[in-house]
Amino acid sequence: MVAPEPDPDDPPDAAAAAPGVLLEVSGGKITAVRTGTQPPPGAERLDGLVLYGFANSHSHAFHRALRGRTGEYGGSFWSWRKLMYAAAERLTPDSYRNLAAAVYAEMALAGVTCVGEFHYLHHAPGGRRYADPNAMGAALVAAAADAGIRITLLDTLYLAGGLGADGRHTPPQGVQLRFADADLDAWADRVTSFRPEGGHARAGVAAHSVRAVPAGALAGFAELYRESDIEWPSPHIHLSEQPAENEACRAAYGRTPTAHLAEAGLFTDVHPVLVHATHLEPADVRLLREQQADICLCPTTERDLADGLPPLAELGADRVTLSLGSDGHSTIDMLAEARAAEMHERLRTGRRGTLPALLLLDALHEHGHADALGWYDDAGWIGEGKRADLVVLDLDGVRTAGFDPAQAAEAAVFAATGAEVRHVMADGRWIVRDRVHTAMPDAPARLDAAIRELLG
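Going by numbering that gives the first Met the number 0, the final residue of the sequence shown carries number 455, and the count climbs one at a time with no gaps.
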């Protein structure tokens, strides 16, 4: 990036781009960061705005097959879910690896270097266990390796088919049998036996929702997490995604899902990542502020499914930690997710600037990699000893024309898109060069073939 030299009398501005930065990379790590220096012989010049790689903190890889196929002129979350179930019914470990590898390649092309896969498609049709009970999870880990990105596989506890307005949990049926383990102990036996292969993968855990996990099992989940000798990252859980979920939880337990998580011990020596949080009541907001909660927003999916808008101004950017996900993958563009979080809040409140650009980049960087996905200490920002994850944004296109280096964070979040991603490095290896995936140059064709094989 060409930019004027900074005035030495001015204080450093984290929102500004620094010109003339030399990064030294060895063994997949950044070994040195030098500013205001001339490049040594043989150094590669990266023309553009260089950012740290993006963390996509909430993904359901197979949902990508539904893009453009779910009927956009009517229906609801619940009608969309029926179509999602139809796709889930047909996947095998082999076809899931093929599909997910192409989806993760699409993520890489958009600058994602680490994904949090909220994984609940565990078993064969009818709920039969595969010979390897973690075959579907292993397929996702292999798919991430195929695409050259890291993965935190969040193996998800799913025990009930739903929570009705009468306050009763229904047994899993149909395709839900593929999601559900027999009970908490069966899930725990399976998940604690899984050791993902490769330094690119971490094992983690999640509970699907108050709809899919009865109260006793949810409390047991929290206890197991607290007492486990496995170093799992923070557990994840869908929270208050739909008004119907809140109503059913009140009917069953006499409290909101947020209060129910507290009662079950999810905030006792556990710091869960709460996904969506779109329908919070004032008491919920106060509780989450007190807990300094981690919240994962998925604005494009929340908009696509008409889920609703989380009360971000009330939660307070100084009190909660935000990460971002592309969830159902109606688009995969993490800069668009960051921008939408603030734009949605502007529409909700009639005010600008609730979420500044630097905070939104933190959601994609440190808060995503470390806080949400458990890549502690060695990922999330450009610095010595950090994993060498880099995204180079092209500044020569119409969307970034007029780029001001002094306002680089603003330009990245509020002007650039995934289309500006030119090169991507993950763990010191270039996985995208000149907008082409290095291991899967035919990624669009592979993605198309995988989806057509699945859905026709």
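For glycine and all other residues, C-beta sits at the position ideal for the given N, C-alpha and C.
message: Within 8 angstroms of any Cβ in chain C, is that where the Cβ of A218 sits?
response: In the structure shown, chain C cannot be found, because there is only a single protein chain.
*Three-way DSSP call (helix, strand, coil) for F495 in this model*: Residue 495 lies beyond the stretch modelled for the chain, which goes from 0 to 455, so this question has no answer here.
Practice problem: Figure out for me which residue from F178, N97, A159 has the closest Cα to the Cα of A144. | Solution: N97
Checklist entry - When the Cα of R302 is compared with those of G327, R285, L454, which residue comes out closest? => result For the residues G327, R285, L454, the minimum Cα distance to R302 belongs to G327.
Per the DSSP calculation, A206 is bridged to which residue(s)? Bridge pairing for A206: L156, I236 [DSSP].
* Asked: Hey, quick one: how far does the alpha helix (DSSP H) through N97 stretch, first residue to last?
  -> 92-108
Q.
Judging by CA-CA distance, which residue of H62, H199, Y252 is the nearest neighbour of I150?
A. H199
- Helix, strand or coil at F193 [DSSP, three-state]: coil
query = What is the DSSP secondary structure of E452, counted as helix, strand or coil?
reply = helix
query = Between the stretch 409-429 and the stretch 110-121, do at least 3 Cβ pairs fall closer than 8 angstroms?
reply = yes
| said: So, with DSSP's three-state summary, where would you put M342? | reply: Helix.
Expected contact under 8 angstroms - CB spacing of L321 and A362 to nearest Å: 4 angstroms
For this session: Go through the stretch 208-273 residue by residue and report every complete run of the alpha helix (DSSP H) that reaches 4 residues or more, in order.
Result: 214-226, 242-252, 256-262
_Under the three-state DSSP convention, the category D326 falls into_ = strand
Comparing C-alpha positions only, which one of E244, H59, T69, A339 sits nearest to L360?
A339
Original post:
For L22, which residues does DSSP report across the bridge?
Top reply: Answer is V32, bridged to L22.
- Message: Quick check for students: name the residue ranges of the alpha helix (DSSP H) that lie wholly in the stretch 336-384, counting only runs of 4 or more.
- Response: 356-363
Does the beta-carbon of R210 have 16 or more other beta-carbons within 10 angstroms, so that it is buried, or is it exposed?
buried
Provide the residue(s) that pair with F53 in DSSP beta bridges, ordered along the chain. Answer is V111.
*Counterpart residues of R128 in DSSP-defined beta bridges*: Looking at the DSSP assignment, R128 forms no beta bridge with any residue, so it has no partner.
Next item on the list: Under the assumption that G367 contacts A99 (Cβ atoms under 8 angstroms), give the Cβ distance between them as a whole number of angstroms.
Entry: So it is not a contact: roughly 19 angstroms between Cβ atoms.
Would you check if the distance between the CB atom of Y119 and the CB atom of T69 is smaller than 8 angstroms?
No, the Cβ-Cβ distance between Y119 and T69 is not below 8 angstroms.
Checking 8 angstroms against the spacing of the C-beta atoms, do G264 and A218 come in under that value?
yes
| task | For P170, collect the residues of the same chain with a Cβ closer than 6 angstroms to its Cβ; drop the 5 residues on either side in sequence, then sort them by chain order. | result | Hits under 6 angstroms: G160.
R456 versus A414 - alpha carbon distance: Nothing can be reported for residue 456: it is not among the residues displayed for the chain, which extend from 0 to 455.
message: Relative to the C-alpha of L48, which candidate in L446, T416, E383 has its C-alpha closest?
response: T416
- request: In angstroms with no decimal places, state the Cα-to-Cα distance between A181 and A187.
  value: 11 angstroms
For this session: Given a cut-off of 8 angstroms, decide if G147 and A438 are closer than it, judged by their beta-carbon atoms.
Result: yes
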